[in-house]
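2 protein chains.
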Amino acid sequence: MAKPSLITLPSKMNNQDRKEWVDDAVDRLIETWQIPQIQGILKLKESVTYSFSRGGKRFRPVLSLLLAESFAVHPQKVLPWALAVEMIHTYSLIHDDLPCMDNDDFRRGEPTNHKVFGETTALLSGDALLTQAFGHLAVSYRDEAALGLKLIALLSEASGIFGMVGGQAIDLEFQKQKPSLEELKLMHEMKTGALIRVSVEGAAIICGLSGAKIQTCRQLGEAIGLAFQIKDDLLDAAEKTEVGSFPAVVGLQQTKEILSDLTLQAKKLLSQLGISEGPLIELVQSNFDREK
Amino acid sequence: MAKPSLITLPSKMNNQDRKEWVDDAVDRLIETWQIPQIQGILKLKESVTYSFSRGGKRFRPVLSLLLAESFAVHPQKVLPWALAVEMIHTYSLIHDDLPCMDNDDFRRGEPTNHKVFGETTALLSGDALLTQAFGHLAVSYRDEAALGLKLIALLSEASGIFGMVGGQAIDLEFQKQKPSLEELKLMHEMKTGALIRVSVEGAAIICGLSGAKIQTCRQLGEAIGLAFQIKDDLLDAAEKTEVGSFPAVVGLQQTKEILSDLTLQAKKLLSQLGISEGPLIELVQSNFDREK
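What follows is the structure in structure tokens.
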């Protein structure tokens, strides 16, 4: 199918369309990056493109688009935010795969960034994407400076020592000592939850929702983030129970109950936002039902 | 001596006082970071503190302070900018020292971050500082949102693929093939020059200087950045001539002439700004004269 243009009406999109719309926006963004035509930096851009352009499900950007659509806001308005969050997510994958972290050779069936471009370039690629995320927000929202600044503060908090990076640091210790349920929740809320949460929360702020509704969206994002993590843990447990996973800490039965509770809670929060049907409800339910 | 308080008059400070004032501000900033009291993240904060708290000369922050003082603006006004630039500088040192980059065991006579805390934590520390730099700007300049956004765009451009990180990527290739003078200048302008440039340029923006004066400050920052790099190259050449250094590319004599030209140019730019004496003039001259 033809790529939906920027003025495609959101109501006509499904999640595959949304993913492709984001893929397309990523490619167009990278094309705007004017760099000196000299060895080294050309390789760096190729390495950044390798990971950023071939994203997976674009789960976080799609969440931002869905939130906007639910409030009849054109996805174009939340796109810079969605792309910034995806840059942070992409950098975190590149750094996570490095030998000193998870030492992974493959991601999504393809060689990891450092396997193709070498460790040094992969490290720099991650640094470049992380840096660019904030610059992209600053430039994109320059006509709404207060909004732009609020988003940058939100993204920094969710992705740095108070969020994703802090969560990764906590996770490292779980390899050494089995955590409590509270510690495990905290780790996931920070490591993967925070970025998923702000995909929803940031979009809510951009859509101009009331403070109370933004708060509800924040809780919704938290519930979705944790529910996805727990479902992943449950599916993984069919093969192997990881030390720092919910089934290992509270057992299979209680893990399933937590997932049920979170799914119910997400639907309640959606209902409070006046959303009782449509793609956000489907997304929450399909996570509960999914088999992979 | 007692640490200067925030209301110390700038005219009474020398560069050692300024450095200590910055050291003190760094420590107070780190103290405000409220993190969960749990293993892993405590270690991460310790690792961040290890590198950020024991800075070297604080050359970039001191430049920002000096620029502000030259225009009778209280250093407190440029402090958040100075600290953000220093966070970027510190993260770049931590990542540069990693085994996949320069593989350095010591920095400033102390073990490098990864030698003390391990590679994984050092990688995360760098990521955390880089992320925090932008969050710190967003929070600090929230009452002047347009200014804050401009500074974030400037810092991102100077430190990412268009600046420092891009310069590092170019430098990697110079190990393989000897660069031309133009390529060498470009690499240094990006790798180390950009961050020094924006220490001056960002401070000029914060001080509310005219567009023309900001442009002059930008050129001044560029000249100072390159002059410091070339002086380092000259001092290094006494022991060993690096492949990608000015003496290796254009010879000792021409390198000395470039340094003379840049020093003269910096003084002319200062004169255009109405500065004919004081610590900025001294800083430019002392770089020309220094023996280490």
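Residue numbers (my numbering), protein chains in the order written: chain Y, 1 to 292; chain F, 293 to 584. Glycine included, every Cβ here is placed at the ideal spot set by N, Cα and C. Source: prediction; values computed, not measured.
- Along the stretch 94-124 of chain Y, the positions whose C-beta sits under 9 Å from a C-beta of chain F are HIS95, LEU98, PRO99, CYS100, MET101, HIS114, GLY118, GLU119, THR120, THR121, ALA122, LEU123, LEU124, read in chain order.
- The closest CA to that of F/VAL408, considering only F/LEU336, F/GLN326, F/GLU493, F/LEU526, is found on F/LEU336.
- Contact residues of the stretch 334-349 of chain F toward chain Y are LYS335, LEU336, LYS337, VAL340 (C-beta to C-beta distance below 8 Å).
- For F/SER448, the uninterrupted alpha helix (DSSP H) segment begins and ends at 437-451.
- When CB distances to chain Y are screened at a threshold of 8 Å, the residues of the stretch 431-444 of chain F falling below it are VAL431, TYR433, ARG434, ALA437, ALA438, GLY440, LEU441, LYS442, ILE444, in chain order.
- Here Y/ALA223 has LEU262, GLN265, ALA266 as same chain residues with Cβ atoms under 6 Å from its own Cβ, once five neighbours each way along the sequence are excluded.
- Taking 8 Å as the threshold, the shortest C-beta distance from Y/VAL243 to chain F does not fall below it.
- Inter-segment contact for the stretch 445-454 of chain F and the stretch 490-506 of chain F is present: three or more beta-carbon pairs are separated by less than 8 Å.
- Sixteen is the threshold: since fewer than 16 other Cβ atoms of the shown chains lie within 10 Å of the Cβ of Y/SER286, the residue is exposed.
- Secondary structure of Y/PHE106 (DSSP, three-state): strand.
- For F/GLN507, no CB of chain Y lies under 8 Å from its own CB, so it is not counted at the interface with that chain.
- Within the same chain, and ignoring the five residues on either side of Y/LEU63 in sequence, the residues whose Cβ sits closer than 6 Å to its Cβ are SER199, VAL200.
- Cβ-Cβ distances below 6 Å link F/VAL314 to ARG350, PRO353 in the same chain, with the five nearest sequence neighbours on each side left out; the list follows chain order.
- Contacts between Y/PHE134 and chain F, judged by CB atoms closer than 7 Å, involve PHE426, ILE444, SER448 in chain order.
- Contact annotation: in the stretch 15-33 of chain Y, residues whose CB is within less than 8 Å of a CB in chain F are TRP33.
- Taken through DSSP and simplified to helix, strand or coil, F/PRO403 comes out as strand.
- Annotation for F/ARG510: ARG489, VAL492, GLU493, ALA496 place their beta carbon closer than 8 Å to its own, counting only its chain and skipping 5 residues before and after.
- Within its own chain, the residues whose Cβ lies closer than 6 Å to the Cβ of Y/ILE30, once the five positions on either side in sequence are excluded, are THR49, listed in chain order.
- Rounded to whole angstroms, the gap between the alpha carbons of Y/GLN253 and F/THR382 is 47 Å.
- For F/ARG310, the CB contacts under 6 Å within the same chain, skipping 5 residues up- and downstream, are VAL354, LEU357 in chain order.
- The C-beta distance from Y/GLY166 to Y/THR192 rounds to 12 Å, too long to fall under 8 Å, and the pair is not in contact.
- Taking a cut-off of 8 Å on C-beta distances, the stretch 123-135 of chain Y touches the stretch 74-89 of chain Y, as three or more cross pairs fall below it.
- Using a Cβ-Cβ cut-off of 8 Å, Y/LEU186 is close to PRO328, ILE330 of chain F, given in chain order.
- Just measuring C-alpha positions, the residue of F/LEU527, F/LEU562, F/ALA364, F/ILE522 sitting nearest F/GLU549 is F/ILE522.
- Not a single C-beta of chain F is nearer than 8 Å to the C-beta of Y/THR90.
- Going by beta carbons, Y/LEU270 and F/ALA430 fall outside the 8 Å limit.
- In the structure shown, Y/PRO80 adopts helical secondary structure according to DSSP, grouped into three states.
- Classified as exposed, F/LEU473 has fewer than 16 neighbouring CB atoms from the shown chains inside 10 Å of its CB.
- As the crow flies, the alpha-carbon of Y/LEU235 is around 35 Å from that of F/CYS392.
- DSSP, reduced to helix, strand and coil, places Y/HIS74 outside both helices and strands of the structure shown, so it counts as coil.
- Taking the CA atoms as reference points, F/SER432 sits about 44 Å from Y/THR241.
- If the five residues before and after Y/LEU147 are omitted, its C-beta is found closer than 6 Å to the C-beta atoms of TYR141, all from its own chain and listed in chain order.
- When 8 Å is used as the limit between beta carbons, Y/ALA169 is near these residues of chain F: GLY332, ILE333, LYS335, LEU336, THR413, LEU416, in chain order.
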